[in-house]
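These protein sequences, in sequence, are chains A, B, C and D. Just so you know, the first sequence maps onto residues 1 to 310 in the numbering used here. Just so you know, the second sequence maps onto residues 1 to 310 in the numbering used here. Just so you know, the third sequence maps onto residues 1 to 310 in the numbering used here. Just so you know, the fourth sequence maps onto residues 1 to 310 in the numbering used here. All C-beta atoms in this analysis are idealised placements derived from N, C-alpha and C, irrespective of residue type, glycine included. Here's the structure, in structure tokens; my notes come after.
Number of protein chains: 4
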Amino acid sequence: MVIMTSSLTFEPVLERIAEEIEHTPGRGRPADYIPALAAGDPRRFGMAVAEVDGTVYGVGDWREPFSTQSVTKVFTLALDLAREGDELWAHVGREPSGNAFNSLVQLEYEDGIPRNPFINAGALVVTDRLLTRTGDAAGTLLDFLRTESGNGALDFDLEVAASETAHGDRNAALAHFMASYGNIHNPVPLLLDQYFKQCSVRASCADLALATAFLARHGVRADGSRLFTRSQAKQVNAVMLTCGTYDAAGDFAYRVGLPGKSGVGGGIVAVVPGRCTLCVWSPGLDDRGNSVAGVAALDRFTTLTGLSVF
Amino acid sequence: MVIMTSSLTFEPVLERIAEEIEHTPGRGRPADYIPALAAGDPRRFGMAVAEVDGTVYGVGDWREPFSTQSVTKVFTLALDLAREGDELWAHVGREPSGNAFNSLVQLEYEDGIPRNPFINAGALVVTDRLLTRTGDAAGTLLDFLRTESGNGALDFDLEVAASETAHGDRNAALAHFMASYGNIHNPVPLLLDQYFKQCSVRASCADLALATAFLARHGVRADGSRLFTRSQAKQVNAVMLTCGTYDAAGDFAYRVGLPGKSGVGGGIVAVVPGRCTLCVWSPGLDDRGNSVAGVAALDRFTTLTGLSVF
Amino acid sequence: MVIMTSSLTFEPVLERIAEEIEHTPGRGRPADYIPALAAGDPRRFGMAVAEVDGTVYGVGDWREPFSTQSVTKVFTLALDLAREGDELWAHVGREPSGNAFNSLVQLEYEDGIPRNPFINAGALVVTDRLLTRTGDAAGTLLDFLRTESGNGALDFDLEVAASETAHGDRNAALAHFMASYGNIHNPVPLLLDQYFKQCSVRASCADLALATAFLARHGVRADGSRLFTRSQAKQVNAVMLTCGTYDAAGDFAYRVGLPGKSGVGGGIVAVVPGRCTLCVWSPGLDDRGNSVAGVAALDRFTTLTGLSVF
Amino acid sequence: MVIMTSSLTFEPVLERIAEEIEHTPGRGRPADYIPALAAGDPRRFGMAVAEVDGTVYGVGDWREPFSTQSVTKVFTLALDLAREGDELWAHVGREPSGNAFNSLVQLEYEDGIPRNPFINAGALVVTDRLLTRTGDAAGTLLDFLRTESGNGALDFDLEVAASETAHGDRNAALAHFMASYGNIHNPVPLLLDQYFKQCSVRASCADLALATAFLARHGVRADGSRLFTRSQAKQVNAVMLTCGTYDAAGDFAYRVGLPGKSGVGGGIVAVVPGRCTLCVWSPGLDDRGNSVAGVAALDRFTTLTGLSVF
């Protein structure tokens, strides 16, 4: 049942979703592999919508900063793609990866080329390449997020980054493994430092919805300049839909039907091409690493508005 | 560049695409694992569009019957889903499968539950379940295709089915393997007979575009009755987008940006939700089993019309 | 501590081992995948020694027939090797297989060539080849066992064979999978019938110790004729040591230090080259499918006699 | 055909083998992943025998130092086992690993516990543990080799070690991966430094045959003291036989029939328990990393002397 597609804003829809979520039991559990994330409260919930004209509004904790984590992989991908274009795809694929279990064997089977830019191995490759091009991948990302969100106070959380580094053996293994195939070009410790800084950025639903809006605008940034081509924007959306939510991409497409990218901090961004972007946050995760309340809220959004791409 | 989205028909677009394809070198090679397919001529090309109102038109060999093969998996899925609903998803997943290489180990790792209904293992499970419910899965499929296409002459190609059976050891292995986990309920030889009959149906682009139109109509059949719910139609589209083109689903989403399902006979169906369906055919395949000219034609279609879901 | 290596017989050693085993708690559990095996009593224990001169003696239930199961794979291997020689090794490897988990992916990775003749896939290949050469692999095996043991009453247990067939989907999957690579030449149902008949043979420790003695005699049969060359006997022993006890071959070599082959009926045969053969039986299995009391008894035997090959 | 088992020395056998090898075409290719090894000349060949009484003799280049590489894994294993006993086996298995392809997925499947101490992952665990216990694993190894061989001039080749470090990404990946499971306890860079130093030791066939003799003496060192128990010596021999020659352990057992350990420098040590040890060297490798002439020479040795354990 579609209740609204033509109103000026989605505010009533957000209010209704927040109310439903409020009364939904079962919120999952926060990520627990580093202490900073384990303290997340699954009762927290925020949701923001950014229209393509830059209007932003939300409900709940939509202005509360949280740890963006893998949500930043979307921006790093776009920033690198804008610089090197299709050359990137010789070094990272754009196919879904199947389940996490296969990650290493697939990497071995495919000669150190990760399946897509959103699994950790692929994001490490993208960061490595952006680092080579810019000299500071994490700084380039932060500048972009600050500019697009209009929030100059956005910053890294160096405590979180340090904690990730201390638990970073698996990412170090991935990076060294790809380096053995010649697919990593910077020293692994430097790369990991950049990678963990990127993941540590703290931002709110409002910030991230605004920062993602260039994808709803087919590549046009907040200041009207173009980050990359319309075709590239479409491509990033396609990769988000097929690979953006870990091993639940099929389920997310099935339930939500929008390009989306999640992070273990509990955030998810989603794109309604040509119309708006969404960011939802709630720290409780399901067993595949996606925010339980976040996915539920997006599911309700597309059901109520009919704005699924399908 | 979008040249047309509001005209009454897409005929000029199809003409233009056919002309471009005509002049494109490199058409891939026909499937060669059975003689009947190996004889396919890569120079053949047809494309049809069916509007949601039932209008159909096309270019090239769009009325030439060809071997539908895995394209039929869409219909079998829809027909079973219409009967048993979400219960199906306890027996087959809806996540992309990663590369073909992993198919067996994933099946083993996940206790005989295939990743999605479009890999062979998953299609065998769907056929097995439809067979249990109807007593004749292949017949149920054929009836549906005849009715939706309005072409009562559609039929199995029993010579092709026999040839598939003679080369069917790998599918027999998959079926027995899943049976060892209790996920196949009919005798394997009977199941394979039904499965290969389904794949053998011969139909044209016109037939298949019309037969797929219920997905563009959100579940409504040609006679106005409803096959299944709007939500189920959306779900089938989502599974097509993430899993419909073998190990090239990401690439297909990236280039074409529509839900689609391909077959090794060289056919591909695609859905523009709420608007129309497409079917393209050309027997030459790329190394991942998708029609080279078919994917190129769909790529051009969404580029020229802007009708990608992204 | 070596207590005896030069006495005329090992009878005192067997008596001591039987007494120790009697007082050892924890006997594992019988195989439960078919009813006929699930009824096995873990308290049963028998052990026999056959000297190279044909003398045989034992303790406990050493004359009690039991289901030989995979122990027969040694004889099938020897019988086929005697017929086709090294040609066999183009169709089955002789390397350990790593853990069971990898069986299917290894088979896929290595183009349908199983790692060794003692995993099920490899034994199916050997049976298929012996079947092609003799027209009746199971009958050839039974004749050999009867002749070498001097026990003309040995026979198949057709009830067990039927039960195996009814639970045979995994072996059917392996056979069809290898057939898809051209590595199985008989119809799969016929092959499985032969395979399960072989496994169903009932024999006692006395029978099996005698039937294995040709390996301790470097290839010479009970009647003084030669089954195959000294070098081939050494090769079979080597394959037994590295691959004979499922995924516990390393552990068996480490603890027992003799070529051995186990079955899920609880039997194990072992070879002391140039000296004697052993067969032990107790139905309780460990989690890798080897008889708990059987391995313990062989471990004690080599410790007490110093007759490990290491 | 056995020509000699009771003579005082094996010198005539060695002479004959050297002559045969001299006239055998096809010597394989030296390892080429680091320049220092790539320079090896496949025409070089040496072979030494050390009797349990300490007598040593040889043919060809048996006094020429070469890069020991993985041959040192035997000594590191023995040195750690002597210190911590069976506790080691909670951290590394003793089962063959199947083919190299599976190494990473097996490590993942088995929670960071490598299959055996002779694959790289397992040797890293053993070195890590010896390092924790001694503070200097490489130094402990070097002392042992010098003492047992009586050659105080043995030393690391720091140029080779540096070259290995520069190409060490894959080992770094393994170490970090196991560290993520808590199975590595020292900093990865320190561990790799120790590991590559161990592998870099240069020694001759004479040195290594003497240094290995404690295994033929069931644990007794050159000075008559005991390194570890008779049972532990038997266990190391068993692990060598089942896991000592990469993915050719089955083939090595089949052809040679002795516990052995090879290295990519072209050296192989082998043990005839209770009798003697052998070391052979020739830099040309087969496609599984074992010296072509080395395996051939050992094969001839056991054929000529009948001293296979089988």
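Handout entry: Where the alpha helix (DSSP H) through Ser291 of chain A begins and ends
Key = Segment: none, Ser291 of chain A is in no alpha helix (DSSP H) and carries neither H nor E.
Exercise for the section: Counting only the same chain and skipping the five closest in sequence on each side, list residues whose C-beta sits under 8 Å from that of Phe144 of chain B. Expected result: Phe75, Leu79 and Ala211
Exercise for the section: Go to Thr132 of chain C, then tell me how far its alpha helix (DSSP H) extends in each direction, as first and last residue. Expected result: Asn120 to Thr134
Practice task
Just mark Glu11 of chain B as buried or exposed, buried being the case when its beta carbon has 16 or more other beta carbons within 10 Å.
Solution key: By the 10 Å Cβ count, Glu11 of chain B comes out exposed.
Problem - Any C-beta of chain C under 8 Å from that of Glu108 of chain B - result: Judged by the 8 Å Cβ criterion, Glu108 of chain B is in contact with chain C.
Problem - Proximity test, Cβ basis, 8 Å: Leu88 of chain A and chain B - result: Among the residues facing chain B, Leu88 of chain A is not included, as its CB has no counterpart in that chain under 8 Å away.
Exercise for the section: Mind listing the chain A neighbours of Arg170 of chain D? Cutoff is C-beta to C-beta under 8 Å, in chain order. Expected result: Those are His176, Phe177 and Ser180, listed as they occur along chain A.
Problem - Buried/exposed call for Asp128 of chain C, threshold 16 Cβ in 10 Å - result: buried
Problem - Beta carbon proximity, Val105 of chain B to chain C, threshold 8 Å - result: yes
Practice task
Determine whether the Cβ of Glu84 of chain A lies closer than 8 Å to any Cβ atom of chain B.
Solution key: no
Handout entry: Below-8 Å beta-carbon distance, Gly112 of chain D vs any chain C residue
Key = no
Handout entry: Continuous alpha helix (DSSP H) stretch holding Thr55 of chain C: start and end
Key = Neither: Thr55 of chain C is in no alpha helix (DSSP H) and is coded neither H nor E.
Problem - Boundaries of the alpha helix (DSSP H) in which Ile21 of chain B is found, first to last residue - result: Glu11 to Glu22
Practice task
Step through the CB atoms of chain C and report whether any lies within less than 8 Å of the CB of Ala173 of chain B.
Solution key: yes
Problem - Three-state secondary structure assigned by DSSP to Phe66 of chain A - result: strand
Handout entry: Run of the alpha helix (DSSP H) containing Leu326 of chain D, from where it starts to where it stops
Key = Because chain D here runs from 1 to 310, residue 326 of chain D falls outside it and cannot be looked at.
Problem - Interface partners of Asn237 of chain B on chain A, CB under 7 Å - result: Simply Phe310.
Practice task
Give me whichever residues DSSP pairs with Val272 of chain C in a beta bridge.
Solution key: C:Cys276
Handout entry: Inter-residue Cα distance where the pair is Gly40 of chain D and Pro187 of chain D
Key = Each residue's Cα considered, the two are about 33 Å apart.
Problem - Same chain, Cβ closer than 6 Å to Lys261 of chain C, five either side skipped, listed in chain order - result: Contacts found: Val71, Val74, Met240, Gly244 and Val269.
Practice task
Determine the closest residue to Ala203 of chain D out of D:Arg288, D:Ala297, D:Asn151 and D:Pro35, with distance taken between C-alpha atoms.
Solution key: D:Asn151
Handout entry: Under the three-state DSSP convention, the category Asp299 of chain D falls into
Key = helix
Exercise for the section: Anything in chain D within Cβ reach of Tyr254 of chain C, meaning under 7 Å, just list it in chain order. Expected result: Chain D residues near Tyr254 of chain C: Arg94, Gln235, Ala238 and Val239.
Problem - Same chain, Cβ closer than 6 Å to Arg311 of chain D, five either side skipped, listed in chain order - result: Residue 311 of chain D lies beyond the range of chain D shown here (1 to 310); nothing can be said about it.
Handout entry: Identified DSSP bridge partners for Ala175 of chain A
Key = Per DSSP, none; premise fails for Ala175 of chain A.
Practice task
With DSSP collapsed to three states, give me the class of Ser282 of chain D.
Solution key: coil
Handout entry: Nearest-angstrom Cα separation, counted from Ile113 of chain D out to Glu108 of chain A
Key = 19 Å
Exercise for the section: Please list the partners that Ala249 of chain B has in chain A, where partner means a Cβ-to-Cβ separation under 9 Å. Expected result: Near Ala249 of chain B (Cβ distances below 9 Å), the residues of chain A are Glu95, Pro96 and Thr242.
Exercise for the section: To the nearest angstrom, report how far apart Asn116 of chain A and Tyr181 of chain D are at their CA atoms. Expected result: 25 Å
Exercise for the section: Just tell me which of D:Ser308, D:Gly139 and D:Thr140 has its CA closest to the CA of Ser231 of chain C. Expected result: Taking only the C-alpha atoms, the option nearest Ser231 of chain C is D:Ser308.
Practice task
Tell whether a beta-carbon distance below 8 Å holds between Ser291 of chain C and Val160 of chain C.
Solution key: no
Problem - Residue from D:Val56, D:Arg44 and D:Pro25 whose Cα sits closest to the Cα of Cys276 of chain D - result: D:Val56
Practice task
Helix, strand or coil for Asp32 of chain A, going by three-state DSSP, please let me know.
Solution key: coil
Practice task
In the DSSP assignment, find the unbroken alpha helix (DSSP H) run with Val163 of chain B in it and report its ends.
Solution key: Note on residue identity: the sequence assigns Ser, not Val, to residue 163 of chain B. Looking at the DSSP string, the run of the alpha helix (DSSP H) that includes Ser163 of chain B is Leu158 to Ala166.
Handout entry: Simplified DSSP state of Asp80 of chain C, which is helix, strand or coil
Key = In this structure, Asp80 of chain C counts as helix in the three-state DSSP scheme.
Exercise for the section: May I ask you to verify whether the region 248-255 of chain C touches the region 271-289 of chain D, counting CB pairs closer than 8 Å and requiring at least 3? Expected result: The region 248-255 of chain C vs the region 271-289 of chain D: no contact.
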